[in-house]
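Peer 1: Sharing a structure below in C-alpha cells format, with a few things to ask.
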Amino acid sequence: MTVTIVGSQLGDEGKGALVDLWGGDADIVVRYQGGDNAGHTVVEDGEEYKLSLVPSGAVRDKIGVLGNGCVINPRTLFSEIDDLRERGLDPDVRLAKRAHVIMPYHRRLDNIEEEAKADSDLTVGTTGRGIGPTYEDKAGRRGIRVGDLLDPDVLRQRLEYVVPQKKALIEDVYGLEAGEECDVEALVEEYTEIGRRLREDDMAVNCGDFLAERREAGDNVMFEGAQGTLIDIDHGSYPYVTSSNPTAGGAATGTGVGPTVVGQGEVVGIVKSYLSRVGEGPMPTELKGDDRDEELAEFIREKGGEFGTVTGRPRRIGWLDMPMLRHAARVSGFTGIAVNHLDVLAGLDEVKVGHAYELEGEERLTMPATTERWGECEPVLKEFDTWPEVDWAAVAEEGYDAIPDAAQDYLEYLSDELDVPIYAVGVGPGREQTVHIENPFDD
Ligand code: GDP
Ligand code: IMO
Ligand code: MG
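Residue numbers for the sequence shown follow our numbering, so the first one is 23 and each next one is one higher.
What follows is the structure in C-alpha cells.
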C-alpha cells in the first residue's frame with residue numbers, strides 16, 4: 023500500500039520525523055516534488071540528521087527515490103550522500119530520468135531575481151536554491167533532465183540552446199556579469215561526469231516503471247511530501263509560494279503512480295500545533311504587533327528551535343490557523359493527521375487558535391482564494407485551557423491517555439473540525455518522542 027505524507031501548513035511541520043517513524047514499515051520512500059529547498063529532520067537515538075534531497079527513509083536504510091516531479095541539484099545530492107556515508111549510513115538513492123536538474127545558472131538567477139525584487143512586496147524570500155528558475159525551464163520546455171546527463175550529445179545540444187539565453191538575461195536584462203555558470207564547455211564537462219557517476223552507481227531509473235514493479239512485488243511505498251499546502255504553487259498563497267505541488271495530487275504527477283493508487287492509500291497531513299513561516303506572505307494568526315505577542319513568539323521560536331533548516335533564518339510564529347487547515351484537508355483529502363510540537367505549547371500562559379476569519383464584517387471558516395484578500399483577514403481567536411510542562415518521554419511511553427487533559431481537548435477540537443482521526447502526536451523531536459495512535463500502514 024501507499025502512505026502519502028503532506029505538509030498541511032507552511033512547511034517545517036515535522037514531516038521528516040513522521041516519515042522516519044512510519045518509514046519502518048515502508049520499503050521505499052519517494053520524494054515527489056521540490057528539491058534541496060527542503061530540510062527534513064530525523065532524530066534517531068539523539069543523533070540528528072538534516073536531509074534536503076535524500077529521502078528521510080535513508081536513516082532506516084530504505085531505498086529512496088527522487089521522482090520526476092523533483093528538481094535535483096546533483097552537486098548538493100552527492101555532497102549530502104557523501105556526508106551521510108561519513109556518518110555511517112549507506113543511502114540507496116534513485117533518480118527519475120524525467121526529473122529536472124538544477125543547473126548553476128538556475129541558482130544564480132534565483133538570487134538575482136530575489137535581489138531585483140528586494141525593494142518591492144514581491145520578494146518571496148526563497149531558499150536561493152534555484153528552485154523557481156528550474157521549474158520555469160521545465161514548463162518552458164528548455165530544461166535539462168536527469169536522463170539528458172546520461173547522453174553527452176543531448177546534454178551539449180540542450181546547453182548550447184539554453185545557456186546563451188541565460189547569459190543574455192543576466193547581462194542584458196539585469197546588467198550583471200555572467201560567470202562560470204554560463205560556461206557551456208565547463209558545464210558539459212562537469213555534468214557529463216555527473217552522468218557517468220549516475221550510470222556507474224545505477225542511480226537513474228524510469229520512476230513510474232520502477233515503482234510499479236516494486237509495488238507488484240508487494241512493497242510498501244511512502245511518498246514524502248516536502249514544503250506545505252500554503253506554499254503549493256496552485257493551492258498556496260501565490261506568489262509567496264514554492265514552484266511545485268506539495269499537496270497530495272503531486273504524489274501522482276510527480277512519480278508516475280496513478281492517482282487511484284495514491285487515493286487507495288492513506289494521505290496523512292502533518293500539522294504543527296502552532297504556525298511557523300520562513301519567507302514572505304500573509305499569516306493572519308501571526309504573533310506580532312504588541313510586546314506580549316512578540317515575547318510569546320520569541321519564546322516559542324526558541325523552545326521549538328524555529329530557525330530554517332536550510333537557511334538558518336528565524337521563522338515567523340503564529341497560532342494554529344483552522345481555515346488554513348480546512349483548506350489543506352480538502353485539497354489533499356487527508357485520511358488522517360499527525361500533530362507535532364504539542365510539547366512546545368506546554369507551560370504557556372495562553373493557548374489560542376484562529377478558529378475562523380473575519381473579512382468585511384463577515385465571519386468565514388475557509389480561506390479566500392486570493393492572497394490579497396487573505397492578507398485582509400482578521401483571525402477570530404478561540405482560547406483553550408493551557409497545559410503544563412510534563413515528562414513527555416513518559417507520556418510517549420504511556421500513550422494518548424497520559425497527555426494532559428487540556429492538550430487532549432486541543433487535539434480533539436482539531437480532529438473534530440477537520441473530521442479526520444489523529445494517527446500520532448509529536449511531543450519532542452526524537453523518534454521515540456511520539457505518542458502512537460495508529461500506524462497508517464496497518465490495515
Ligand atoms: P520538516 O521540514 O517538515 O521535516 O520539518 P523540519 O525538520 O524542518 O522542522 C521540524 C523541527 O521540529 C525539527 O527540528 C524536528 O526535529 C523538530 N520536531 C519534529 N517534531 C517535533 C515535536 O513533536 N516536538 C518538538 N519539540 N520538535 C519536533
Ligand atoms: P520543508 O520541506 C518551509 C519557502 C521559502 C520561500 C518559498 C519559496 O523543509 O518543509 P523556494 O526556495 O522553494 O523557491 O522558496 O518557500 N520554502 C519553505 N519553507 N519549509 C520548506 O521545506 C520550504 N521550502 C521552501 O522560504 O518562502
Ligand atoms: Mg523543513
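The beta-carbon is built from N, C-alpha and C at its ideal position, and this holds for glycine as well.
By alpha-carbon positions, which one of Thr408, Gly45, Val290, Arg53 ends up nearest to Val373?
Peer 2: For the purposes of this step, residue 373 is taken as residue 351 along the sequence shown, with counting starting at 1. That would be Thr408, whose Cα lies nearest to the Cα of Val373.
Peer 1: In chain order, what residues of the same chain lie with their CB nearer than 6 Å to the CB of Ile192, ignoring the 5 residues before and after it?
Peer 2: Position 170 of the sequence shown, counting from 1, holds the residue named residue 192. Contacts found: Leu198, Ala200.
Peer 1: Compute the distance between the beta-carbons of Ile339 and Gly291, then report whether it is under 8 Å.
Peer 2: For the purposes of this step, residue 339 is identified with residue 317 of the sequence shown, where counting begins at 1. For the purposes of this step, residue 291 is identified with residue 269 of the sequence shown, where counting begins at 1. No, they are not a contact pair.
Peer 1: Quick one: which unbroken beta strand (DSSP E) runs of 3-plus residues sit fully inside the region 212 to 270? Chain order, please.
Peer 2: Fully enclosed beta strand (DSSP E) runs of 3 or longer: 243 to 246.
Peer 1: Using alpha carbons as the reference points, say which of Arg237, Asp241, Gly169 lies closest to Gly217.
Peer 2: In the sequence shown, residue 217 corresponds to position 195, counting from 1. When each option's Cα is compared against that of Gly217, the closest is Gly169.
Peer 1: Quick one: does the C-beta of Pro174 sit closer than 7 Å to a heavy atom of the ligand GDP?
Peer 2: Numbered from 1 along the sequence shown, position 152 holds the residue referred to as residue 174. Incorrect: Pro174 has no Cβ contact closer than 7 Å to the ligand GDP.
Peer 1: Mapping the DSSP letters down to three states, classify Ala446 as helix, strand or coil.
Peer 2: Your numbering for residue 446 matches position 424 in the sequence shown. Of the three classes helix, strand and coil, the one that applies to Ala446 here is strand, per DSSP.
Peer 1: Which residue's Cα is closest to the Cα of Val210: Asp231, Lys189, Arg178, Glu454?
Peer 2: Locating residue 210 in the sequence shown gives position 188, counting from the first residue. For Val210, the nearest C-alpha among the options comes from Arg178.
Peer 1: Comparing the CB of Pro451 with every heavy atom of the ligand GDP, is any distance shorter than 7 Å?
Peer 2: In the sequence shown, residue 451 corresponds to position 429, counting from 1. Pro451 Cβ: within cutoff of the ligand GDP.
Peer 1: What does the shell around the ligand NAD hold, if a residue joins when its beta-carbon is under 5 Å from any heavy atom?
Peer 2: What this structure holds is the ligand GDP, the ligand IMO and the ligand MG, not the ligand NAD.
Peer 1: Can the beta-carbon of Asp315 be found less than 8 Å from the beta-carbon of Asp49?
Peer 2: On the sequence shown, position 293 is the one that residue 315 refers to. On the sequence shown, position 27 is the one that residue 49 refers to. Going by C-beta atoms, Asp315 is not nearer than 8 Å to Asp49.
Peer 1: Under three-state DSSP, which class holds Arg338?
Peer 2: Position 316 of the sequence shown, counting from 1, holds the residue named residue 338. Three-state DSSP puts Arg338 in a strand.
Peer 1: On the three-state DSSP scale, how would you describe Tyr196?
Peer 2: By one-based count along the sequence shown, residue 196 stands at place 174. Tyr196 falls in the coil class under three-state DSSP.
Peer 1: Regarding Gln31 and the ligand IMO, is the C-beta to nearest heavy atom distance less than 7 Å?
Peer 2: In the sequence shown, the residue the question calls residue 31 occupies position 9. No.
Peer 1: Give me the Cβ distance between Glu203 and Arg130, rounded to the nearest whole Å; I'm assuming they're in contact under 8 Å.
Peer 2: Position 181 of the sequence shown holds residue 203. Position 108 of the sequence shown holds residue 130. Right, the Cβ-Cβ distance comes to about 5 Å (below 8 Å), so this counts as a contact.
Peer 1: Need the endpoints of the beta strand (DSSP E) that Arg116 sits in, please.
Peer 2: Mapped onto the sequence shown, residue 116 falls at position 94. Unbroken beta strand (DSSP E) run through Arg116: 115 to 118.
Peer 1: How is the alpha helix (DSSP H) around Asn362 delimited, first residue to last?
Peer 2: If you number the sequence shown from 1, residue 362 lands on position 340. Unbroken run through Asn362 is the beta strand (DSSP E), 358 to 362; no alpha helix (DSSP H).
Peer 1: Between the alpha carbons of Arg352 and Glu182, how many angstroms are there, rounded?
Peer 2: Here residue 352 is taken as the residue at index 330 of the sequence shown, counted from 1. Here residue 182 is taken as the residue at index 160 of the sequence shown, counted from 1. If you take the alpha carbons of Arg352 and Glu182, they lie about 44 Å apart.
Peer 1: Quick check for students: name the residue ranges of the alpha helix (DSSP H) that lie wholly in the region 393 to 422, counting only runs of 4 or more.
Peer 2: Listed in chain order, they are 393 to 398, 414 to 420.
Peer 1: Between which residues of its own chain and Tyr196 is the CB-CB distance below 6 Å, once the five residues before and five after are set aside?
Peer 2: For the purposes of this step, residue 196 is taken as residue 174 along the sequence shown, with counting starting at 1. Counting only Cβ-Cβ distances below 6 Å, and skipping sequence neighbours, we find Ile134.
Peer 1: Give me the DSSP bridge partner(s) of His122.
Peer 2: To locate residue 122, count along the sequence shown from 1; it is residue 100. Bridge partners of His122: Val93, Arg167.
Peer 1: Out of Asn90, Asp105, Gly46, state which residue places its alpha-carbon closest to the alpha-carbon of Lys72.
Peer 2: Here residue 72 corresponds to residue number 50 of the sequence shown, with the count starting at 1. Nearest option by C-alpha distance: Asp105.
Peer 1: For the ligand GDP, is there a heavy atom less than 7 Å away from the beta-carbon of Ala39?
Peer 2: Counting from 1 along the sequence shown, the entry for residue 39 is found at position 17. Result yes, Cβ under 7 Å from the ligand GDP.
Peer 1: What are the boundary residues of the beta strand (DSSP E) that Tyr379 is part of?
Peer 2: Position 357 of the sequence shown, counting from 1, holds the residue named residue 379. It spans 373 to 381 - the beta strand (DSSP E) in which Tyr379 sits, taken as one unbroken run.
Peer 1: How about the region 107 to 116 and the region 133 to 152: do they share at least three Cβ pairs that are nearer than 8 Å?
Peer 2: No, the region 107 to 116 does not touch the region 133 to 152.
Peer 1: Is Gly86 helix, strand or coil when you go by DSSP?
Peer 2: As a first step, residue 86 is located in the sequence shown; it is residue number 64 there, counting from the start. If DSSP states are grouped into helix, strand and coil, Gly86 belongs with the strands.
Peer 1: With DSSP run on the structure shown, which of helix, strand or coil describes Gly29?
Peer 2: Translated into positions along the sequence shown, residue 29 becomes position 7. Residue state, collapsed to three classes: strand.
Peer 1: Roughly how many angstroms lie between the CA atoms of Leu403 and Val227, to the nearest whole one?
Peer 2: Numbered from 1 along the sequence shown, position 381 holds the residue referred to as residue 403. Numbered from 1 along the sequence shown, position 205 holds the residue referred to as residue 227. Answer to the nearest angstrom: the Cα atoms are 49 Å apart.
Peer 1: For His122 versus Arg53, is the C-beta distance shorter than 8 Å?
Peer 2: Numbered from its first residue, the sequence shown carries residue 122 at position 100. Numbered from its first residue, the sequence shown carries residue 53 at position 31. Taking 8 Å as the Cβ cut-off, His122 and Arg53 do not qualify as a contacting pair.
Peer 1: Mind reading off the beta-carbon distance from Ala248 to Thr26? Whole number of angstroms is fine, and I expect it under 8 Å.
Peer 2: The count along the sequence shown starts at 1 and reaches residue 248 at position 226. The count along the sequence shown starts at 1 and reaches residue 26 at position 4. Wrong, their Cβ atoms sit about 12 Å apart, outside the cutoff.
Peer 1: Distance, Cα to Cα, Val375 vs Glu108?
Peer 2: By one-based count along the sequence shown, residue 375 stands at place 353. By one-based count along the sequence shown, residue 108 stands at place 86. Rounded to the nearest angstrom, the two C-alpha atoms are 43 Å apart.
Peer 1: At the level of alpha carbons, what is the spacing between Ala424 and Pro451?
Peer 2: Indexing the sequence shown from 1 puts residue 424 at position 402. Indexing the sequence shown from 1 puts residue 451 at position 429. Each residue's alpha carbon lies about 18 Å from the other.
Peer 1: Have a look at Tyr435, Gly33, Ile124, Asp143 and flag the residue whose alpha-carbon is nearest the alpha-carbon of Gly150.
Peer 2: Position 128 of the sequence shown, counted from the first residue, corresponds to residue 150. Answer by Cα proximity: Ile124.
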